[in-house]
Every structure is written in C-alpha cells, then in structure tokens.
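Peer 1: Let me give you the structure first, and then I'll get to my questions.
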Amino acid sequence: ELRAAAVAPVLVITALALLFIIARWATRVYILHHVGPEDFILTASMLVSIGMTAVITARTKKSSSASLISSMQSVPSLQRYLLISSNILYHATVNLTKTSIVTQYCRIFWGCPIVQGWCYALYGLLTLAALWGIAGGGTVCVPIAKYWSMDIEGTCMSFNVYWLTSAGVNLLADLIIWILPMPVVKQLQLPKRQMNTVLVIFGLGGTVCVVATLRLTLVQAFSGRKEGTNAGVAAVVWSAVEANVGIICASLISLKPLVQRFFPRLLLKRPRVA
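Using this note's numbering, the first residue of the sequence shown is number 22, and each one after it goes up by one.
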C-alpha cells in the first residue's frame with residue numbers, strides 16, 4: 022500500500038529532473054543555437070514523468086495504501102485504476118528517455134558503423150519494451166476493466182510475471198546503452214582531462230542500471246515476504262526515481278557548454294603546484 026510519505030521523494034526527484042531539462046533547453050537554444058530531435062523526445066519523457074507524479078500524488082490523496090503485486094482484490098477500484106495508469110506512464114517515460122539517448126548516440130557517432138548498427142537494434146528493442154510495458158500491462162487482465170472491478174468475469178495472468186519480464190527487458194536496454202559508447206570514446210584523441218570528463222559523464226549512466234536493479238530487487242523482496250504495503254511503496258518510489266534519474270543522466274552530456282560558459286574552472290586543467 023502506498024503511504025503519503027512516499028510522495029516527498031517522488032516530488033523532489035521530479036523537480037530536479039525538470040531543472041535539468043530547463044538547463045538543457047537553455048544550453049541548446051541560447052548557447053549552441055541548435056535543437057535536435059533527442060531534445061524533443063526527452064522533453065516528452067519529462068512531461069510523461071510529471072503526469073506519473075500527478076497520478077502518484079492523486080493515489081495518496083485517495084487512500085493511504087495500494088498494493089502492487091500482492092492482494093489486488095483488497096485494493097479499492099480507484100486505486101487499482103490509478104496503479105495501472107502510473108505503471109503505463111512509467112514504461113512510456115523510461116522508453117522515451119532511452120530513445121532520446123540512442124538518438125543522440127546516432128548523431129554523435131554517425132561515422133561509426135558498429136555503433137549505428139547497435140542504435141538501430143536498440144530502437145527495435147525499445148519498441149518491443151514499450152509495447153510490452155504499455156500494451157502488455159493493459160492486457161494482464163481480460164477485459165481490462167477487471168483490474169478495477171474484480172467482480173467482472175474474465176481472466177488475469179500473473180502480475181508478477183509481467184513485472185519481472187518488463188523490468189528485465191528495461192534493465193537489459195539500460196546495460197547496452199550504458200556500455201555501448203565506452204569503447205568508441207576511449208579511442209578518441211582527446212586531452213586526458215577532457216577524456217576523463219567524457220568517460221565520467223557516460224559512466225554516470227550506470228546509475229540508471231543501479232536504480233533499476235534496486236527497484237526490481239526491493240519490490241520482489243517485499244512481495245516475497247507478503248508485504249504488499251512495502252512492495253507498493255517501493256514500486257512507486259523507485260519507479261519515479263529510475264524514470265527521473267534517467268532524464269537527468271540523459272541531460273548531463275548536453276550541459277557541458279553551459280558549465281564551460283558559467284563555471285569554466287570546473288573543466289580547465291589546474292596548474293601543478295611545485
């Protein structure tokens with residue numbers, strides 16, 4: 022079940038991601054004077070994330086609890102409806118974010134056929150992940166109304182199976198996206214300090230993998246102990262954290278010109294002290 026205390030971290034991480042999006046647009050428009058398709062895709066992801074936060078907030082106002090994996094029949098009908106809505110929005114926003122990153126890879130590494138090939142493969146994987154996460158989640162029960170009206174005749178598959186498969190596919194995509202640029206970046210002829218900065222920025226993408234793993238592990242741990250309340254809290258909080266951390270990491274590499282403009286000392290090589 023979802024406690025009102027879960028809303029605070031969700032609101033904070035969403036607001037932080039929004040600040041990064043604003044900084045990204047300021048960099049693109051006022052410093053680089055160039056806006057790419059990845060910017061619009063990531064902005065769409067941010068809007069969906071805000072929608073997910075609104076759904077989570079609405080859920081806590083309607084009730085102090087909502088179970089995710091266990092005891093669905095004990096959850097009020099409105100809560101089940103909001104639960105499915107937030108889950109669909111989660112899969113929409115994380116896959117939009119990944120698509121934005123892959124699109125940026127295609128532009129940055131346009132001269133590398135191997136990376137280009139992987140990018141097209143990732144487009145296919147992300148399409149399948151989005152379809153399963155959104156459409157699959159909407160058809161776990163047939164008819165879909167059985168989600169929030171358990172007295173309706175129909176059938177439901179295991180929500181746990183859906184949860185594990187959708188989370189697993191998302192984690193696989195995260196790992197590929199994180200690792201993909203590393204070998205190419207290491208081959209670039211860049212000054213050591215600049216190379217380290219680029220590697221750190223790309224390496225921070227691993228944060229998303231860590232959060233995704235924590236989300237999956239915590240929800241499964243609580244669910245396995247039949248703690249439907251804690252499973253619901255973990256699912257909602259970590260879904261929002263994962264979605265917004267992804268948006269933040271996707272914006273980092275685009276903010277380098279902004280840092281160079283206003284905080285140049287952070288990127289300049291410091292003189293050695295004798």
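Glycine is no exception: its CB is placed at the ideal position from the N, C-alpha and C atoms.
1. Quick one: give me the first and last residue of the alpha helix (DSSP H) that residue 180 is part of.
2. Please classify residue 76: does DSSP put it in a helix, a strand, or coil?
3. Measuring only the C-alpha atoms, how far is residue 52 from residue 265?
4. If you count every other CB in all the chains shown that lies within 10 Å of the CB of residue 236, and 16 or more means buried, which is it?
5. Between the stretch 185-192 and the stretch 141-150, do three or more beta carbon pairs fall short of 8 Å?
6. So the alpha helix (DSSP H) residue 207 belongs to, where does it begin and stop?
7. For residue 160, does the three-state DSSP call read helix, strand or coil?
8. Can we say the stretch 41-59 touches the stretch 125-136, given the rule of at least three CB pairs closer than 8 Å?
9. Would you identify the three-state DSSP class for residue 133, choosing helix, strand or coil?
10. Just the C-alpha distance for residue 33 and residue 47, rounded to the nearest angstrom, thanks.
11. Please tell me whether residue 369 and residue 162 are closer than 8 Å, where the distance is taken between their beta carbons.
12. Within 10 Å of its beta-carbon, does residue 203 have 16 or more other beta-carbons around it, so buried, or fewer, so exposed?
13. Run through the DSSP bridge pairs and tell me what residue 177 is partnered with.
14. Within the same chain, show all residues whose beta-carbon is closer than 7 Å to that of residue 167, passing over the 5 residues directly before and after it, in chain order.
15. How is the alpha helix (DSSP H) around residue 219 delimited, first residue to last?
16. Among 284, 271, 283, 160, which has the Cα closest to the Cα of residue 124?
17. Spatial neighbours of residue 111 within its chain, please: CB distance less than 7 Å, with the 5 preceding and 5 following residues excluded, ordered by chain position.
18. Taking the Cβ atom as the reference point for each residue, do residue 219 and residue 229 lie within a distance shorter than 8 Å?
19. Quick one: give me the first and last residue of the alpha helix (DSSP H) that residue 34 is part of.
20. For the alpha helix (DSSP H) that contains residue 283, what are its first and last residues?
Peer 2: Per the coordinate set shown:
1. 180-200
2. helix
3. 25 Å
4. buried
5. yes
6. 203-207
7. coil
8. yes
9. coil
10. 21 Å
11. The chain is shown only over 22 to 295; residue 369 falls outside these bounds and no answer can be derived.
12. exposed
13. 162
14. Closer than 7 Å at the Cβ level, and outside the excluded window around residue 167, lie 173, 175, 177.
15. 213-224
16. Out of 284, 271, 283, 160, 271 has the C-alpha closest to the C-alpha of residue 124.
17. 73, 260, 264
18. Cβ atoms of residue 219 and residue 229: not closer than 8 Å.
19. 28-47
20. Here the alpha helix (DSSP H) through residue 283 covers 277-283.
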